[in-house]
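Enquirer: In our numbering, the protein residues as written are 46 to 110.
Think of the CB as a built atom: it goes at the ideal place given N, C-alpha and C, for glycine as much as any other residue.
Quick caveat: nothing in here was measured; it's all calculated off a predicted structure.
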Amino acid sequence: MAATAEREYGLFIDGALVEPASGEVRDLHEPASGEPLARAAMAGEADVDRAVAAARAAVEGPWGR
């Protein structure tokens with residue numbers, strides 16, 4: 046019976062965990078044993094643009110002053 050990864054890592058953008066725009070998620074494995082460790086969301090260009098826009102809004106808003 047194969048083990049399943051219990052940990053899942055999403056993208057943290059604008060104060061919230063969000064799914065990647067592409068929906069791409071990859072399995073991460075322990076290199077020595079090959080056992081699954083976690084599943085991680087893969088950020089693409091749209092996700093980076095969204096994160097940069099959120100950071101810019103935060104810095105230019107009340108938080109950045």
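So what does DSSP say about Arg110, is it helix, strand or coil?
Expert: If DSSP states are grouped into helix, strand and coil, Arg110 belongs with coil.
Enquirer: Roughly how many angstroms lie between the CA atoms of Ala102 and Ala96, to the nearest whole one?
Expert: 10 Å
Enquirer: Helix or strand or just coil, what does DSSP make of Ala91?
Expert: helix
Enquirer: Got a sec? Which residues, its chain only, sit under 6 Å from Ala86 by beta carbon, not counting five neighbours each side?
Expert: Gly55, Leu56, Pro65, Val70
Enquirer: Which of helix, strand or coil does DSSP assign to Glu53?
Expert: Strand at Glu53.
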